[in-house]
Amino acid sequence: MIANYGSWKSPITSDLIVAESIGLGGVTLDGEDIYWLEMRPAEKGRSVIVKRAADGTTQDVTPPVASGYNVRTRVHEYGGGAYAVHNGIAYFSNFADQQLYGQRAPQSQPAPFTHANGLRFADGVIDAQRQRMVCVAEDHRATGEAINSIMSIPLAAPHSSVHTNVVTTLVDGHDFFAAPRLSPDGKQLAWLAWDHPLMPWDGTELWLADVSEDGTLHHARAITGSASESIVQPQWSPDGTLHFISDRTGWWNLYCWRNDKAELLCERAAEFAQPQWVFGQSTYAFLDTTTILCAFIERGFAQLATLDATTGKLEVIATPYSRIDGIKAANHRAVFVAGSPTESTCIVLFDAQSKRFTTLQQSNKLALDAAYVSAPQAIEFPTENGLTAHGFYYAPKNKDFSAPADEKPPLLVMSHGGPTAMAAPTLDLEIQYWTSRGWAVLDVNYGGSTGFGRAYRERLKGNWGIVDVADCVNGARHLVAQGLANGNRLAITGGSAGGYTTLCALTFSDLFKAGASHYGVSDLIALDEDTHKFESRYTFSLVGTSHELYRARSPIHHTEKLNAPVIFFQGLEDKIVLPNQAEMMVNALRAKGLPVAYVAFEGEQHGFRQAANIKRALDGEFYFYSRVFGFTTAEEIEPVAIENLPENSR
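Throughout, our numbering is defined as the position within the sequence shown, counted from one, plus 23.
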């Protein structure tokens, strides 16, 4: 059927997406049992521990939704590393009170083993011989900035209602800590530390200490790392050799600590790690004493390989996946999180001997007809200063429709968050929502993104709001010049840092005709003065320390330059980008007479987890553009209140 771009009827509806989708992550192994986390929008966005037993049966560990348990930590606000399992007992952080609980059996009643209001815990490891957990702690009990440390916590009997207040500080004195890791014999502890104003992808130190019989630490020393070297993911091999990832060559590569020095295992212009936004990341693991299973990213695509830790020989394994992380391994088998251009995120079991992959769980089990799925096309395009930027282009695709021969599609440019995150070429049903309705999508890996080396990541240093914006603008221009997009129907969208890029692009460029900010930053001064500890100095490297610079790059202070309609989506419990960031922009656009819409969500934080709100945000953005650009939608969509919309657009 011939129909205008943007008006195609699609089977990929928001109801289908939210009803069938879950988030997956947090993989861990305990003997023959496999565990992972599922974030379930249909259960108010809570996270649940799931167990797959050795016999192949799968069941929830976390009690039903009515119990109120939600496996999630707020350390650094972004969390990660919210649970650990040892000998069948799950130890986890509960979101509501941020206390640690032990749970002996699936669906059994969890028992608290901390009762320390104001303390948050993450990234814990079980010290079995001393019957304690060693973890990162964040102390909010006093006024002012939270205090971070590494603590030990005795493990109370998980079937007991007795809790303990006995928490002992093992390591302090730095602004941030991560990844406490015990050696196999329990005699050494490694960890990461860094200080303001650094972020962990800027510079960290790897520390090592001896552990006495009573659990106290001795001879703590920084063994490697600096303010200009990012070290992440310390791990011990089964024979007790410390391994880690460093970007000292300009790329995150694997190293080991041998003979009191760092030894590069395999040099490659590829990223074997990702920015440490959350705890518990794992892009490599040991299949046996000397064989490492690792994932790395080259030009935006992930690959899987084995690495011989003695010879440095790297052997790439053919897989269907373009995203691989969260690797855990033992005894020649591994489990990881993966995704591909045709398959949503899934939990995969890998048998290293047979090279067989088995999908254990999928984030979405929809059996989509490939004729509705647009494949990502990796593109490069010229940008400022003679440089090249990257992105993934998705063409409109729907087997039931084609557009008039002389028509070009509207384009939605997506700016990812972070800003050090990356656009990955995996099946994203929210992207397919747009392409199956006749939109083209450009998912931009602007300068500052991960996956292209440290130099590419550092293009954004001092240039946030400039380089990212230029790359989004130039990516859109490139597609228009190629005849792949309608230059009069260009929109841009992004969340968090991507929301800031979106608002800057709409304010400081006249290329985009509409946009959507999802919990985005509009005022750098307000962000600098009122955000959480982890990111409280982040703008120092991204922009500088001058409030004049902050004002110059803050869309809220230049609304006279903004002439495009904008819709804002905001969680009212967001502690990272406060709601007033959106509300100030809404008021400014309202006063200016520009079309503007504001959709606020009770009970949501930084990012939307509840099914109804995910649906509302997706449909609401599509509805907004349909009114602004004059599309006739093929289905009924709940309207969004748009202020200052011209009569002929209603």
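Note that beta-carbon positions come from the ideal geometry of N, C-alpha and C, so glycine has one too.
Taking 7 Å as the cut-off, the Cβ atoms of Gly-594 and Val-622 do not count as close. For Leu-123 and Phe-302, the gap between their C-alpha atoms comes out near 16 Å.
Using a 10 angstroms sphere on the CB of Ile-599, the tally of other CB atoms reaches 16 or more, which defines it as buried.
In the structure shown, Phe-631 adopts coil according to DSSP, grouped into three states. By the 16-neighbour rule on beta-carbons within 10 angstroms, Pro-34 is exposed. Within the segment 311-357, the complete beta strand (DSSP E) segments of 3 residues or longer fall at 314-321, 324-331, 337-340, 346-353, listed in chain order. Rounded to the nearest whole angstrom, the CA to CA distance from Arg-164 to His-629 is 23 Å. For Trp-230, the enclosing beta strand (DSSP E) covers residues 228-234. Our two residues, Leu-389 and Gln-297, have alpha carbons roughly 29 Å apart in a direct line. A residue is called buried when at least 16 other Cβ atoms come within 10 angstroms of its Cβ; Pro-343 does not meet this threshold and is exposed.
In the three-state reduction of the DSSP assignment, Trp-217 falls in the strand class, which pools E and B. The three-state secondary structure of Ile-40, taken from DSSP, is helix.
Closest in C-alpha terms to Gln-304, from the list Lys-584, Thr-51, Pro-427, Ala-478, comes Thr-51. With respect to Gly-440, Ala-375 sits apart: the two C-beta atoms are not nearer than 7 Å. Per the Cβ contact rule, the segment 413-425 is not in contact with the segment 312-320 (fewer than 3 Cβ pairs under 8 Å).
When DSSP states are grouped into helix, strand and coil, Phe-424 belongs to the coil group. Classified as buried, Lys-351 has 16 or more neighbouring CB atoms from the shown chains inside 10 Å of its CB. For Tyr-58, the pairing in a beta bridge is given by DSSP as Thr-51, Lys-74. Residue range 284-287 is occupied by the beta strand (DSSP E) that includes Lys-284.
Here Gly-323 is near Gly-474, since their CB atoms are less than 7 Å apart. Shown here, Gly-510 sits in coil according to DSSP, grouped into three states, outside any helix or strand. The count of Cβ pairs closer than 8 Å, one atom from the segment 498-508 and one from the segment 390-406, reaches three, so the stretches are in contact.
Nearest to Ser-253 by alpha-carbon distance, out of Leu-240, Trp-217, Asp-262, is Trp-217. DSSP places Ala-145 within a strand segment (E or B) once states are collapsed to three. Under the DSSP definition of a beta bridge, Asn-171 partners with Glu-161. Residues Arg-574 of the same chain have their beta carbon placed closer than 6 Å to that of His-580, with the five preceding and five following residues left out of the count. Taking C-beta atoms under 8 Å as the contact rule, Val-190 and Leu-142 qualify, at a distance of about 7 Å. Listed in chain order, the beta strand (DSSP E) runs fully inside the segment 424-465 are 434-438, counting runs of at least 3 residues.
Between Thr-449 and Ser-363 a beta carbon distance of about 6 Å is seen, short of the 8 Å cut, so the two are scored as contacting.
The straight-line gap separating the alpha-carbon atoms of Val-148 and Lys-336 is approximately 30 Å.
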